[in-house]
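According to this note's numbering, the residues represented by the sequence shown are 730 to 1010, in order.
Note that CB positions come from ideal geometry on N, CA and C, so glycine has one too.
Keep in mind the model is a prediction, meaning the values are calculated, not measured.
Comments concern the structure below.
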Amino acid sequence: DLLNGRDFPHASKNPETKQLLVGAAVSVKPYEESWKRLEALAEAGVDVVVFEGHGGDHQDMLDIIKKAKSAYPNLQVIGGNAVTSSEVYRLIQAGVDAIRVGKGVGSVATGQMVKAVGRAQMSAVYHTARIAKDYGVPVIADGGIKNSGCAIKALCLGASTVMMGSLLAGTEESPGSYYFQDGMRLKKYRGNFSLESLAQGNVTGGVMLAQGVSGAVVDKGTARRFIPYQAQSIRHGLQDLGIKTIEEVHKSLYDGRLRFEVRSSAAQREGGVHDLHSYAH
């Protein structure tokens, strides 16, 4: 414990017990099974629960959030996913402590193509965070984070943190085994609602509707090096903005000091590496 405390000084810990904070995901269906899982997790002392469901504010999601907060008022509950102000409002009324934002924007998601339901992630984060801040509820940008620049944009649009599924999927600590293909070291990565995932979930009857794909991501090495690199990139981005903290970022956003500008396709091209025969990082 002493060595871990030395090596990981920024680890998320309970301020009283000094133990690491623990989170778990719970599906909202089937309800009876989900509630049994929640009871077992609460008894074990879990700190935060993320409720998983197809829609952010459908009745099953709202019902289990209300019951969970009633039965375990000290348990932190994350609901979602939401992309509109009305969805956020209903989740807040149900009692969530934080909200995941994003639909059909993940690297392995196809929901927007299959169902024509979703929203551009920057718009979703901005409009949901603007409502959630009035109730003191943070939002989590879930999806569309391709690099540290995307994380900075999400934070500047009102998000308090970001999820980096595809970025972390290639690290040594993520589930799965590495394999080689065309000289590249890869690791498998699949969406929750891909055909492969649905088949392993023993879905029976009717037609399996895939809302995601299975793919592969490039080896990223250990998260011990990857996460500090991402964090330092975000610090440098905020430094160039002249801002020290995420709280100050949000204050600058809502008082009008922080501004955004639409970039043309030409501007996006010149903002990246260009006009080189080859290059290396």
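Tell me which same chain residues have a C-beta within less than 7 Å of the C-beta of Val1002, skipping the five on either side of it?
-> Tyr1008
On a CA-only basis, which of Gly873, Ala898, Pro904 is nearest Gly835? Give me that one, please.
-> Gly873
Which one or two residues does DSSP pair with Glu781 in a beta bridge?
-> Ser756
Do you know how far the Cα of Ser799 is from the Cα of Leu970?
-> 42 Å
Give the C-beta separation of Asn810 and Lys832 to the nearest angstrom, bearing in mind that I take them to be a contact with Cβ-Cβ under 8 Å.
-> 6 Å
Following the continuous beta strand (DSSP E) through Asp871, name the residue where it begins and the one where it ends.
-> 868-871
If you check the beta carbons only, do Ser814 and Thr857 fall under 8 Å apart?
-> yes
Cβ-based burial, Gln1063 [other Cβ within 10 Å; buried from 16] = For residue 1063 there is no data in the structure shown, the boundaries of the chain being 730 and 1010.
What are the boundary residues of the alpha helix (DSSP H) that includes Ala827?
-> Looking at the DSSP string, Ala827 is not in any alpha helix (DSSP H); the run it does join, the beta strand (DSSP E), is 827-830.
Distance, Cα to Cα, Glu762 vs Ser994?
-> 49 Å
Cβ neighbour criterion (16 or more within 10 Å) applied to Pro866 | The displayed chain sequence assigns Val, not Pro, to residue 866. Buried, because 16 or more other Cβ atoms sit within 10 Å of the Cβ of Val866.
Can you tell which of Val777, Ser756, Ala754 has the C-alpha that lies nearest to the C-alpha of Asn743?
-> Val777
Beta-carbon separation (whole angstroms), Ala823 vs Leu791, contact threshold 8 Å | 4 Å
Report, in whole angstroms, the separation of the C-beta atoms of Ile821 and Val806, which I expect to be a contact under 8 Å.
-> About 11 Å separates the two Cβ atoms, so there is no contact after all.
Return the chain-ordered list of same chain residues with a C-beta closer than 7 Å to the C-beta of Ile972, the five sequence neighbours on each side being excluded.
-> Val978, Ser981
Looking at the unbroken beta strand (DSSP E) that takes in Phe989, where does it start and where does it end?
-> It is not in any beta strand (DSSP E) - Phe989 carries neither H nor E in the DSSP assignment.
Candidates Ala845, Ser852, Glu772, Lys747, of which the one nearest Phe989 by Cα | Ser852
With DSSP run on the structure shown, which of helix, strand or coil describes Thr857?
-> helix
Integer-rounded CB distance, given that Thr900 should sit under 8 Å from Thr974 | At roughly 27 Å, the Cβ-Cβ gap does not stay under 8 Å, so Thr974 and Thr900 are not in contact.
Quick one: is Leu896 buried, meaning 16 or more other Cβ sit within 10 Å of its Cβ, or exposed?
-> buried
With distances taken from CA atoms, which of Lys875, Val868, Phe909, Trp764 is nearest Leu884?
-> Val868
Between the C-alpha atoms of Arg859 and Gln850, what's the straight-line distance to the nearest angstrom?
-> 14 Å
Buried or exposed: which applies to Met913, given that a residue is buried once 16 or more other Cβ atoms fall within 10 Å of its Cβ?
-> exposed
Would you mind stating whether Asp911 and Met892 have Cβ atoms separated by less than 8 Å?
-> no
Burial state of Phe780 (16 or more Cβ within 10 Å) | buried
Could you have a look at Gly734 and say whether DSSP puts it in helix, strand or coil?
-> helix
Give the secondary structure of Leu791 by DSSP, where H, G and I count as helix, E and B as strand, and everything else as coil.
-> helix
Assigned exposure category for Lys949 - 16 Cβ within 10 Å defines buried | buried
Per DSSP, Thr951 is paired with what?
-> Paired residue(s): none; Thr951 is not in a bridge.
Check whether the Cβ atoms of Val854 and Val825 sit closer than 8 Å, and answer yes or no.
-> no
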